[in-house]
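> Have a look at this one.
Residue numbers (the numbering used here), protein chains in the order written: chain A, 42 to 367; chain B, 104 to 397; chain C, 150 to 495.
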């Protein structure tokens, strides 16, 4: 087994305000060096909050964080000041959903990448520009010398996302966090970016956490998948295990809702209802109200975490039951 | 075939109260706004009921009792340069000052809203026409514009009202246009148009309700400026004419007494200051009370 | 009032053989203005010569990437934006000729992608649903609204008085569907109506749409970028690229054989859903070109793996390439086009 690059232990995140939102509830997760994990979940499942907690981007005044997050052995919840700055963008960097918003409109693409490199590596401007040019080549931007001088608004959506990736990888992070980086892109551009990320991940050997709501995208990018629901991981395993042998009723429902191989006109096996509002900390299985298999025991307490195989887990009382006939 | 899916996790059905009740509730919890509201309300009520408050005659002077200091028995706030009771003049002065200070904003609110909503909703050439004309007025500072128009029309209450209204129509139009074009681009306007409703119906049902409150908040923030401008016009002698009591005019006529009794001659200024400050703070309070959303 | 009674639909006129909606040569260019005087600087060729028909009772899926003009086409068909050129014929009546815009709007309704922006935040949902019926002078608008809310799965007793921000995305989209149905339309245009919803909620809404189609005899135009969803709900599919129609075919035919190289790329860009057999090669490189200045000739030739010199000079026309009404606009499928590979690639 690979060394642990990232370990999250019993992470709990609450947002305080007019009402308290229990965004993450007792989440544990580990990632080895060079592994690619997809965090799969719907809106409000806490997948983006997990990423933000990893980068310490949550507003400290309104957020209560408990638990432990270690990246390469460093407890990042205790970082502050200079070491936090070194950590962000150095060891760990992030690619956002909207590159148009994440890139600074008043600087050229080259200047933005070079600035990050100078700050983290302490090299001269011309050396940093060399790195920037090299990065643009690696993300396969045509005529990279010319693109260095472009402003973000002069680039198309796909090109901007490539620049965003170049910026994130310029300092050779050990862990790359990607927050739905292809959701805003067209299908033919999305697949290009996914393949590019896969290639760069192999080349740079970094660990990747890829947040997405789209199972198809998760399959294309990741070795492992963790399915999130209501601030908890309900199922985790290799991509093959999750796709071929889903155990949690929610994962099964999501796969069915993807309509990949549903016959036309056939009635869809939709998961009824909507996700819970998370105003209270879940005391029983959060999915039970929508689950066809749920019984009184599911509503009585938190479900046990079953581990059918090494590094595979399912938080469900019914995980071992035979897959219902379809 | 029926839908049996339980629709869980719908937001808890809170007390069914209207939007404005919510705004009022939030405003009531803001102490600064409530204090300002009390001051403004007291000033307006005092101005309205001035003749029945048993005050001295604000026009009747006395050569003997000129420039009595604050605290003189019988004249709590002293007397002015013609021996007229200051308290009576300040309260009676509120009638004109508040009237000239508030009415132009009310007029401009109606005219500017109509122009702006039409420009924003219809768009195209009409928008260009209305907004370019508005821009012409914007080219001048508001004080200068008010003085120029009042100067051209001549002194008098009606002319002050007209000139101040003209000054405030352009900014309100511009805000109304911006808010309306924002709303105009939302899908619910398209959905309403797709029902075959006429432009007027769409504006009445779907546009007005969503643009009026931001325009209203903006207009309330103009009232303090308008009061100061109105007082300024009178101070310069192109607004209200003596011997009418009006704060700006009083400030002007008491100017000569500034070395004799600075406190006394500052009183009209204090009234202008307090009123415009309270109006400003109140409009800020209303704005934040209206902003709160789910 | 039962759900079916709520529906007083315009009568059928041309019989089942006549298409419910025919669009011919539809064209819309948007000017890009600049400067103080608002002079036109450039034109976005949003929709350029689009023709298609929607048969009675079918669901026509429209797919394509951003900027291909699918939403503009929808808004033109509903009359929300004025067309520059082209005919819109609703059940035999041409818009502007024997059909007024108001009558067209009675027959066609639309559901938008953004469920929140498409509801007036200051109106309760019953008011929003009843608005259209009120405008068209239909009887008992409020009873109709309550009946339809119940039909889309929102209990009027609990939901009618709520404001849009008090509902979830899926619930709001149900309200939007009820609002469209309140006009008793014959054709409903669903413009990415399920795209913003979570997958589990999307399936619920798709089921609802299927039920409503059967119950009220509706015809749909279903616009989406999700091919899986389009395959599930549609009878025929229309593929657009940069303001033009490149291929039209029944769902089964196009899933079996994508005739236009662009359609083929679009299909291969779909994630594989098989961890043992992932996509290895992107089907296309680069982003779609800007519709402000589309390429000459075939608009796809700049990205097409089969492009020949001919493609940059002459624009191909939509022509029949299969017995089942399969149309494609590509020189490859025209043996007389002079393309070196014409007729050689399946």
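Just so it is clear, CB atoms sit at the ideal spot from N, CA and C, and this is done for glycine as well.
1. Please list the partners that residue 263 (chain C) has in chain B, where partner means a Cβ-to-Cβ separation under 8 Å.
2. How would you list, in chain order, the residues of chain B whose beta-carbon sits under 7 Å from the beta-carbon of residue 268 (chain C)?
3. In chain B, which residues lie with their C-beta within 7 Å of the C-beta of residue 459 (chain C)?
4. Indicate whether at least one CB of chain C lies closer than 8 Å to the CB of residue 157 (chain B).
5. Taking 7 Å as the cut-off, is the CB of residue 89 (chain A) close to at least one heavy atom of the ligand FAD?
6. What residues of chain C sit near residue 231 (chain A), judged by a beta carbon separation below 9 Å?
7. For residue 426 (chain C), count neighbouring Cβ atoms within 10 angstroms of its own Cβ and tell me buried if that reaches 16, exposed if not.
8. Does DSSP put residue 178 (chain B) in a helix, in a strand, or in coil?
9. Taking only the alpha-carbon atoms, compute the straight-line gap between residue 181 (chain B) and residue 303 (chain B) and give it to the nearest angstrom.
10. So what does DSSP say about residue 449 (chain C), is it helix, strand or coil?
11. Using the three-state DSSP reduction, which class does residue 185 (chain B) fall into: helix, strand or coil?
12. Would you call the region 282-300 of chain A and the region 355-362 of chain A in contact, with 3 or more CB pairs under 8 Å?
13. If you draw a straight line from the C-alpha of residue 423 (chain C) to the C-alpha of residue 401 (chain C), how long is it?
14. From what residue to what residue does the beta strand (DSSP E) around residue 108 (chain A) run?
15. In chain order, what are the residue ranges of uninterrupted beta strand (DSSP E) at least 3 long that sit wholly in the region 239-278 of chain A?
16. Based on Cα-Cα distance, which residue from B:210, B:141, B:236 lies nearest to residue 222 (chain B)?
17. When we look at the beta-carbon of residue 341 (chain B) and count the other beta-carbons within 10 Å, is it buried (16 or more) or exposed?
18. List the residues of chain A that residue 399 (chain C) touches, going by C-beta distances under 7 Å, in chain order.
19. Do residue 80 (chain A) and residue 18 (chain A) have their beta-carbon atoms positioned less than 8 Å apart in this structure?
20. Check the Cβ-Cβ distances between residue 322 (chain C) and every residue of chain B, and say whether any is below 8 Å.
21. Using beta carbons (cut-off 8 Å, strictly below), is residue 317 (chain A) in contact with chain C?
22. Under three-state DSSP, which class holds residue 258 (chain C)?
23. How far does the beta strand (DSSP E) with residue 385 (chain C) in it extend, from its first residue to its last?
24. Count the other CB atoms, across all protein chains shown, that sit within 10 Å of the CB of residue 54 (chain B); report buried if there are 16 or more and exposed otherwise.
25. At a CB-CB cut-off below 7 Å, which residues of chain A make contact with residue 350 (chain C)?
26. Quick one: which residues of the region 360-376 of chain C get their C-beta closer than 7 Å to a C-beta of chain A? List them in chain order.
27. Which full runs of the alpha helix (DSSP H) of 4+ residues lie inside the region 222-308 of chain C, going along the chain?
28. Is residue 197 (chain C) helix, strand or coil by DSSP?
29. Quick one: what's got a C-beta closer than 8 Å to residue 349 (chain A)'s C-beta in the same chain, skipping five residues either side?
30. Could you run through the region 420-434 of chain C and flag, in chain order, every residue whose CB is less than 9 Å away from some CB of chain A?
31. If you measure between the beta carbons of residue 267 (chain A) and residue 120 (chain A), is that distance less than 8 Å?
32. Which of the three DSSP states, helix, strand or coil, is assigned to residue 51 (chain A)?
33. Could you tell me whether any Cβ in chain B is nearer than 8 Å to the Cβ of residue 281 (chain C)?
34. Between which two residues does the beta strand (DSSP E) harbouring residue 337 (chain A) extend?
35. Might you give, ordered along the chain, the residues of its own chain that have their beta carbon closer than 6 Å to the beta carbon of residue 284 (chain B), omitting 5 neighbours on each side?
36. Mapping the DSSP letters down to three states, classify residue 177 (chain C) as helix, strand or coil.
This is what the structure gives:
1. Residue mapping note: residue 263 (chain C) aligns to position 114 of the third chain, counting from 1. Per Cβ cutoff of 8 Å: 290.
2. Position 119 of the third chain, counted from the start, is the residue given in the question as residue 268 (chain C). Here the neighbours are 291.
3. Residue 459 (chain C) sits at position 310 when you count from the first residue of the third chain. Per Cβ cutoff of 7 Å: no residues; residue 459 (chain C) is ~41 Å from chain B at best.
4. What you label residue 157 (chain B) is simply residue 54 of the second chain in a count that begins at 1. For residue 157 (chain B), the answer is no, since every Cβ of chain C falls outside 8 Å of its Cβ.
5. The ligand FAD is not part of the structure shown, which contains no ligands of any sort.
6. Residue 231 (chain A) sits at position 190 when you count from the first residue of the first chain. Chain C residues near residue 231 (chain A): 418, 420.
7. Reading the third chain from its first residue, position 277 is the one you call residue 426 (chain C). By the neighbour-count rule (16 or more Cβ atoms within 10 Å), residue 426 (chain C) is not buried but exposed.
8. In the second chain, residue 178 (chain B) corresponds to position 75, counting from 1. Strand at residue 178 (chain B).
9. If you number the second chain from 1, residue 181 (chain B) lands on position 78. If you number the second chain from 1, residue 303 (chain B) lands on position 200. Answer to the nearest angstrom: the Cα atoms are 57 Å apart.
10. The count along the third chain starts at 1 and reaches residue 449 (chain C) at position 300. Of the three classes helix, strand and coil, the one that applies to residue 449 (chain C) here is coil, per DSSP.
11. Sequence index remark: in the second chain, residue 185 (chain B) carries index 82 (1-based). Residue 185 (chain B) falls in the coil class under three-state DSSP.
12. yes
13. In the third chain, the residue the question calls residue 423 (chain C) occupies position 274. In the third chain, the residue the question calls residue 401 (chain C) occupies position 252. Distance between the alpha carbons of residue 423 (chain C) and residue 401 (chain C) is about 22 Å.
14. The residue given as residue 108 (chain A) occupies position 67 in the first chain. Where residue 108 (chain A) is concerned, the enclosing beta strand (DSSP E) stretches over 104-112.
15. 248-253, 265-270
16. Sequence index remark: in the second chain, residue 222 (chain B) carries index 119 (1-based). Ranking B:210, B:141, B:236 by Cα distance to residue 222 (chain B) puts B:236 first.
17. Here the question's residue 341 (chain B) lines up with position 238 in the second chain. Classification for residue 341 (chain B): buried.
18. Mapped onto the third chain, residue 399 (chain C) falls at position 250. Within chain A, no residue comes near residue 399 (chain C); the closest Cβ sits about 11 Å away, beyond 7 Å.
19. Residue 18 (chain A) is absent from the model: chain A starts at 42 and stops at 367.
20. The residue given as residue 322 (chain C) occupies position 173 in the third chain. Output row for residue 322 (chain C): interface = no.
21. The sequence position of residue 317 (chain A) within the first chain is 276, counting from 1. No - not a single Cβ of chain C is within 8 Å of the one on residue 317 (chain A).
22. In the third chain, residue 258 (chain C) corresponds to position 109, counting from 1. Strand.
23. In the third chain, the residue the question calls residue 385 (chain C) occupies position 236. Counting along the chain, the beta strand (DSSP E) containing residue 385 (chain C) begins and ends at 385-390.
24. Chain B is shown from 104 up to 397; residue 54 (chain B) falls before or after that span and cannot be answered.
25. Your numbering for residue 350 (chain C) matches position 201 in the third chain. Chain A residues near residue 350 (chain C): 315.
26. 374
27. 250-256, 274-284, 290-300, 305-308
28. Sequence index remark: in the third chain, residue 197 (chain C) carries index 48 (1-based). Residue state, collapsed to three classes: strand.
29. The residue you call residue 349 (chain A) lines up with position 308 of the first chain. Answer for residue 349 (chain A): 288, 355, 360, 361, listed in chain order.
30. 420, 421, 422, 423, 424, 425, 427, 428, 429, 430, 431, 432, 433, 434
31. In the first chain, counting from the first residue as 1, residue 267 (chain A) sits at position 226. In the first chain, counting from the first residue as 1, residue 120 (chain A) sits at position 79. No. Outside cutoff.
32. Residue numbering aside, residue 51 (chain A) sits at position 10 when the first chain is read from its first letter. Reduced to three states, the DSSP call for residue 51 (chain A) is strand.
33. On the third chain, residue 281 (chain C) is found 132 positions in, with the first residue counted as 1. Yes - at least one Cβ of chain B is within 8 Å of the one on residue 281 (chain C).
34. Residue 337 (chain A) sits at position 296 when you count from the first residue of the first chain. Note, residue 337 (chain A): premise wrong, no beta strand (DSSP E); alpha helix (DSSP H) at 337-341.
35. Here residue 284 (chain B) corresponds to residue number 181 of the second chain, with the count starting at 1. So the qualifying residues of the chain are 223.
36. Position 28 of the third chain, counted from the start, is the residue given in the question as residue 177 (chain C). Here residue 177 (chain C) sits in strand by DSSP.
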